[in-house]
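Since the structure comes first, as structure tokens, the remarks are kept for the end.
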Amino acid sequence: MEFQQSRLLDTLPTQFFATLVAKVQKKIASGVDVINLGQGNPDKPTPDYIVKSTQKWVADPATHKYSPFQGLTEFKQAAADFYQEKYGAEIDPNTEVTILGGSKIGLVELPWALMNPGDTLLLPDPGYPDYLSGAALGDVKFETVPLLEENDFLPDLDAIPEDVAKRAKFFYLNYPNNPTGAVATKEFYADLVAWAKKYQVGIISDFAYGAIGFDGQAPVSFMETPGAKEVGIEFYTYSKTFNMAGWRIAFAVGNADIIHALNLIQDHLFVSLFPALQYAAIDALKDPARDEEIAKIVGRYEERRDAFVTAAEKIGWHAFVPKGTFYAWMPVPAGYTSESFADLLLDKAGVVVAPGNGFGEHGEGYVRIGLLIEPDRLREAVDRIDKLHLFE
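Take any residue in the sequence shown, count from 1 to its spot, add 3: that is its number in the numbering used here.
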């Protein structure tokens, strides 16, 4: 007996990262010493204080029951306190926080909860590929907004056509930005709030790399902006801040109507997170070791950024120097597309990069470098690429 998948599944985009991983695994299986710069998964373990906290809470039988549907009140309070402390944002833990099993869940389910078939979603281009999955599952239309290097990879709000702005219901943004490493400014966010109010567009800030800023500059949270809660929400994940990608812990804060809808749809999909993980998540935010551990993580990525960008500069490969995230956004040499350049590096140098066209039409002409290996290995990757004489 055969079973056909649904028409809905047929509408989903090809999972970009799954395709990339398959190529890498095939090359490794052939015996090649592959240097993988295409990944987006933190390479170091979760800080020890969080691991020990989790072990303690897992051993407590009281955490073995179902969570309250919308999560522990204590976790929501800790998230609100964190935003007050770090960003000066006043968040009501009862109405302005939702707990998530990773921010991807919230980003993908949001169109189900807050949009109707045929509504319009604005997405950044280049942008995180799974935003497209949310649009497909929600049966909504989407328009892309170019992120161009001449604008420091910030959207030009004035260039968004009037008719598109008037049709849009929500606008997804992600700073510090995957894949470019660009950061938002307070001035841009102030303009964004004014634009959102003018056109009645909800702003969805994906703050996945919110802790990772370089050169002594902490990334700006959208929630720092006056009026931000009136027009949108912000997702905050533990994956990058605490090297907890596999743990699937996140939360979102902001506009009460949006938060209520996300809580409601999750009532039908989940029973929140394992309570032990929620208590560990509270400890991750409140422990005195937090800032020191985050500083270590950020310092490691900054050292890697500097090693890679300096090495690339020496061979004539000029980066858009990232101000945040753990990526470098690199131009493709003349005569190549993003895909053909990435394939060449894998085939001839054993170096994996993520082709920029996987992040959207305006990602063409770039590749994304993951700064998720040690500096010596990053320099070795550049040395291998140098031997191909592509930048002479």
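No residue lacks a Cβ here, since even glycine has one placed at the ideal position from N, Cα and C. All values reported here derive from a predicted model rather than from experimental measurement.
Could you check what DSSP says for A214 in three-state terms: helix, strand or coil?
Position 211 of the sequence shown holds residue 214. A214 carries a coil assignment under DSSP once its states are collapsed to helix, strand and coil.
Take Y239 as the anchor and find which of E395, V274, K107, S275 has the nearest alpha-carbon.
Translated into positions along the sequence shown, residue 239 becomes position 236. When the alpha-carbon of Y239 is set against those of E395, V274, K107, S275, the nearest one is in K107.
By the 10 Å Cβ neighbour count, where 16 or more other Cβ atoms means buried, how is T147 classified, buried or exposed?
For the purposes of this step, residue 147 is identified with residue 144 of the sequence shown, where counting begins at 1. By the Cβ neighbour-count rule, T147 is buried, with 16 or more other Cβ atoms within 10 Å of its own.
According to DSSP, T240 sits in a beta bridge with which residue or residues?
On the sequence shown, position 237 is the one that residue 240 refers to. Under the DSSP definition of a beta bridge, T240 partners with A253.
Drop a sphere of 10 angstroms on the beta-carbon of F6, count the other beta-carbons inside from all chains shown, and report buried for 16 or more, exposed for fewer.
In the sequence shown, residue 6 corresponds to position 3, counting from 1. Around the beta carbon of F6, a 10 Å sphere encloses fewer than 16 other beta carbons of the protein chains shown; the residue is thus reported as exposed.
Among I236, D133, V355, E316, nearest to L15 - alpha-carbon criterion
By 1-based counting over the sequence shown, the position of residue 15 is 12. Out of I236, D133, V355, E316, D133 has the C-alpha closest to the C-alpha of L15.
Under three-state DSSP, which class holds P378?
Indexing the sequence shown from 1 puts residue 378 at position 375. DSSP places P378 within a helical segment (H, G or I) once states are collapsed to three.
Quick check: what's the CA-CA separation for K29 versus A357?
Here the question's residue 29 lines up with position 26 in the sequence shown. Here the question's residue 357 lines up with position 354 in the sequence shown. Roughly 16 Å separates the two Cα atoms.
Span of the alpha helix (DSSP H), counted from its first residue to its last, around K89
Stepping through the sequence shown from its first residue, residue 89 is reached at position 86. Counting along the chain, the alpha helix (DSSP H) containing K89 begins and ends at 76-90.
Helix, strand or coil for Y330, going by three-state DSSP, please let me know.
By 1-based counting over the sequence shown, the position of residue 330 is 327. Here Y330 sits in strand by DSSP.
Note down the Cα distance separating K172 from I38, rounded to an integer number of angstroms.
Residue mapping note: residue 172 aligns to position 169 of the sequence shown, counting from 1. Residue mapping note: residue 38 aligns to position 35 of the sequence shown, counting from 1. Cα to Cα, the separation comes out at about 42 Å.
Exposed or buried, what is S56 when buried is set at 16 or more other beta-carbons lying within 10 Å of its beta-carbon?
If you number the sequence shown from 1, residue 56 lands on position 53. Burial call: buried.
How is F273 classed by DSSP in three states: helix, strand or coil?
Position 270 of the sequence shown, counted from the first residue, corresponds to residue 273. If DSSP states are grouped into helix, strand and coil, F273 belongs with coil.
Taking the beta carbon of N154 as the centre, do at least 16 other beta carbons fall within 10 Å, making it buried, or is it exposed?
Taking the sequence shown and counting its residues from 1, the one referred to as residue 154 is at position 151. Exposed: under 16 other Cβ atoms inside 10 Å.
Using a 10 Å radius around the Cβ and a threshold of 16 neighbouring Cβ atoms, would you call H365 buried or exposed?
For the purposes of this step, residue 365 is taken as residue 362 along the sequence shown, with counting starting at 1. With 16 or more Cβ atoms within 10 Å of its Cβ, H365 is classed as buried.
For L103, which residues of its own chain have a beta-carbon under 7 Å away from its beta-carbon, when the five flanking residues on both sides are left out?
One-based indexing of the sequence shown puts residue 103 at position 100. The residues are G109, A253, F254, A255.
Report the residue from T183, V100, E237, D166 whose alpha carbon sits nearest the alpha carbon of Y192.
Numbered from its first residue, the sequence shown carries residue 192 at position 189. In terms of CA proximity to Y192, E237 leads the group T183, V100, E237, D166.
For G359, name the three-state secondary structure that DSSP assigns.
Counting from 1 along the sequence shown, the entry for residue 359 is found at position 356. G359 falls in the helix class under three-state DSSP.
Are the beta-carbon atoms belonging to K232 and N258 less than 9 Å from one another?
For this step, residue 232 is matched to residue 229 along the sequence shown. For this step, residue 258 is matched to residue 255 along the sequence shown. The Cβ atoms of K232 and N258 lie closer than 9 Å to each other.
Could you tell me whether the Cβ atoms of F394 and W332 are closer together than 9 Å?
Numbered from its first residue, the sequence shown carries residue 394 at position 391. Numbered from its first residue, the sequence shown carries residue 332 at position 329. Pairing F394 with W332 gives a Cβ-Cβ distance that is not under 9 Å.
May I ask you to report which of helix, strand or coil DSSP gives E165?
As a first step, residue 165 must be located in the sequence shown, where it is residue number 162. Helix at E165.
What do you reckon, are the CB atoms on I262 and T101 nearer than 9 Å?
For the purposes of this step, residue 262 is taken as residue 259 along the sequence shown, with counting starting at 1. For the purposes of this step, residue 101 is taken as residue 98 along the sequence shown, with counting starting at 1. Their beta carbons are under 9 Å apart, which means I262 touches T101 by this criterion.
Out of A337, N44, L374, S224, state which residue places its alpha-carbon closest to the alpha-carbon of E93.
In the sequence shown, counting from the first residue as 1, residue 93 sits at position 90. Taking the Cα of E93 as reference, the smallest distance to any Cα among A337, N44, L374, S224 is reached at S224.
On the CB-based measure, 16 or more other CB atoms within 10 Å of its CB, does G363 come out buried or exposed?
Looking up residue 363 in the sequence shown gives position 360. Classification of G363: buried, given that the 10 Å Cβ count is 16 or more.
Beta-bridge partners of D194, as assigned by DSSP
Position 191 of the sequence shown holds residue 194. In the DSSP output, where bridge partners are listed per residue, D194 has none listed.
Quick one: what's got a C-beta closer than 6 Å to F230's C-beta in the same chain, skipping five residues either side?
Taking the first residue of the sequence shown as position 1, residue 230 is located at position 227. Note that residue 230 is Gly in the sequence shown, not Phe. Excluding five sequence positions before and after G230, the CB atoms of its chain that fall closer than 6 Å to its own CB belong to V196, given in chain order.
Does the region 47-61 come close enough to the region 381-389 that 3 or more CB-CB pairs lie under 8 Å?
They do not touch, by the three-pair rule.
How about Y304 and R371: do their beta carbons lie closer than 9 Å?
Counting from one through the sequence shown, the residue named residue 304 turns up at place 301. Counting from one through the sequence shown, the residue named residue 371 turns up at place 368. Contact: no.
Report the rounded CA-to-CA distance for S9 versus R307, giving the unit in angstroms.
Locating residue 9 in the sequence shown gives position 6, counting from the first residue. Locating residue 307 in the sequence shown gives position 304, counting from the first residue. One alpha carbon belongs to S9, the other to R307, and they sit about 44 Å apart.
Distance between D350 and D260 (C-alpha atoms, nearest Å)
Along the sequence shown, read from residue 1 onward, the residue named residue 260 stands at position 257. Along the sequence shown, read from residue 1 onward, the residue named residue 350 stands at position 347. D350 has its alpha-carbon roughly 50 Å from the corresponding atom of D260.
Close Cβ partners of R251 (< 7 Å) along its chain, the five nearest in sequence each way excluded:
Within the sequence shown, residue 251 is the residue found at index 248, counting from 1. In its chain, beyond the 5 residues on either side, G104, G105 have a beta carbon closer than 7 Å to the beta carbon of R251.
Are at least three pairs of beta-carbons, each pair with one atom in the region 117-133 and one in the region 175-182, less than 8 Å apart?
Between the region 117-133 and the region 175-182, the count of C-beta pairs closer than 8 Å reaches three or more; the two stretches touch.
How close, in whole Å, do the beta carbons of F156 and T188 come, if the pair is a contact with beta carbons under 8 Å?
As a position in the sequence shown, residue 156 is number 153, starting the count at 1. As a position in the sequence shown, residue 188 is number 185, starting the count at 1. In fact, because the Cβ distance is near 12 Å, the residues do not count as touching under 8 Å.
Are there any heavy atoms of the ligand ATP lying less than 8 Å away from the beta-carbon of T340, as far as the coordinates show?
This structure simply doesn't include the ligand ATP, nor any ligand for that matter.
What are the partner residues of V354, as DSSP defines its beta bridges?
By 1-based counting over the sequence shown, the position of residue 354 is 351. Answer is I38, bridged to V354.
Cβ-based burial, G338 [other Cβ within 10 Å; buried from 16]
Translated into positions along the sequence shown, residue 338 becomes position 335. Exposed, by the Cβ-count rule.
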